[in-house]
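>
In our numbering, the protein residues as written are 7 to 288.
1. Would you report the Cα separation of residue 245 and residue 36, rounded to the nearest angstrom?
2. Who are the near neighbours of residue 241 in its chain, counting only those whose CB is closer than 7 Å to its CB and skipping five residues on each side?
3. I need the DSSP call for residue 122, collapsed to helix, strand or coil.
4. Can you tell me where the alpha helix (DSSP H) with residue 155 in it begins and where it stops?
5. Using the rule of at least 16 other Cβ atoms within 10 Å of the residue's Cβ for burial, across every protein chain shown, is residue 101 buried or exposed?
6. Specify the secondary structure class of residue 103 as computed by DSSP and reduced to three states.
7. Just the Cα atoms here: how many angstroms apart are residue 248 and residue 85?
8. Run the CB neighbour count on residue 236, radius 10 Å, all protein chains shown included, and call it buried at 16 or more, exposed below.
9. With burial defined as no fewer than 16 other Cβ atoms inside 10 Å of the residue's Cβ, what is the status of residue 271: buried or exposed?
10. Check whether the Cβ atoms of residue 144 and residue 168 lie closer than 7 Å to each other.
11. May I ask you to verify whether the stretch 67 to 77 touches the stretch 150 to 162, counting CB pairs closer than 8 Å and requiring at least 3?
12. Would you mind reading off the limits of the alpha helix (DSSP H) that contains residue 219?
13. Determine the burial state of residue 229: buried for a count of at least 16 other Cβ atoms within 10 Å of its Cβ, exposed for fewer.
14. Starting from the Cα of residue 214, find the closest Cα among 185, 199, 196, 233 and give me that residue.
15. I need the straight-line Cα distance from residue 227 to residue 220, nearest angstrom please.
16. Buried or exposed for residue 30, going by 16 or more other Cβ atoms inside 10 Å?
17. Would you mind reading off the limits of the alpha helix (DSSP H) that contains residue 237?
18. With a 10 Å radius around its C-beta and 16 neighbouring C-beta atoms as the bar for buried, classify residue 32 as buried or exposed.
19. Between which two residues does the alpha helix (DSSP H) carrying residue 171 extend?
20. If you reduce the DSSP assignment to three classes, tell me which class residue 206 lands in.
21. Rounding to the nearest angstrom, what Cα-Cα distance links residue 95 and residue 238 in this structure?
22. Between residue 251 and residue 266, how many whole angstroms is the CB-CB distance? I'm expecting something under 8 Å.
23. Could you tell me whether the Cβ atoms of residue 53 and residue 118 are closer together than 7 Å?
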């Protein structure tokens with residue numbers, strides 16, 4: 007009965023396109039032939055497909071995050087804060103999706119993973135260059151990451167450019183200065199390649215914003231969007247760490263990292279420290 011109803015529904019839609027000899031299809035537009043043929047299992051194990059797709063999905067979402075953050079940076083530099091809010095809010099929604107992929111991967115048991123883990127060789131999520139680009143865009147700069155790709159003539163220049171560029175937080179601090187807040191010159195003129203450290207002038211500025219929300223609503227909203235992103239990034243890191251612990255325990259990562267021990271350490275990293283510090287003092 008269901009198939010009959012479906013057929014009737016199709017027949018009633020007289021305007022549905024059926025001739026695509028000279029027209030672009032859904033598959034054409036999305037290059038589905040390329041996308042869906044990119045999952046190459048190196049073992050015969052059923053669950054390797056899940057492992058690959060989870061990481062493909064994550065990389066696609068990170069690509070969109072970078073697209074949104076870079077545009078938001080342009081908006082903030084142009085003092086168009088309202089335009090940046092939609093993009094930063096979208097980043098947070100994507101982060102919710104990224105968190106959820108760990109729930110899917112957690113259905114992979116240790117016994118299943120060891121059936122194909124050796125096929126990964128030295129490949130590891132630690133080497134995800136898009137993850138590093140996100141970290142760079144948010145302000146966490148790590149020079150050793152560049153060494154991983156120093157022999158890659160395509161990726162190294164991309165990473166180097168992101169490493170040298172001002173971060174989302176850098177441009178947000180500059181926006182504070184343009185709004186009339188007194189920010190130390192060494193912060194405004196600092197080398198963008200160095201990870202920002204807590205600064206009292208920055209914290210004082212944000213404190214004034216939080217104590218005068220109506221007067222500085224746009225800066226306040228920007229700050230809260232940044233806190234949303236950092237909070238969700240930390241939740242993603244935590245879910246990553248617990249998923250790894252659930253599947254491989256405290257073994258070393260395939261790329262040589264400490265695995266869970268490394269992932270626990272990065273939970274203490276902050277992109278926007280003053281926005282967290284001021285909460286204790288408000």
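C-beta: ideal position from N, C-alpha, C; glycine also.
So, to answer that:
1. 30 Å
2. 105
3. coil
4. Where residue 155 is concerned, there is no enclosing alpha helix (DSSP H), given that its DSSP letter is neither H nor E.
5. buried
6. helix
7. 40 Å
8. buried
9. exposed
10. no
11. no
12. Segment: none, residue 219 is in no alpha helix (DSSP H) and carries neither H nor E.
13. buried
14. 185
15. 11 Å
16. exposed
17. 223 to 254
18. exposed
19. Note, residue 171: premise wrong, no alpha helix (DSSP H); not H, not E.
20. helix
21. 11 Å
22. 5 Å
23. yes
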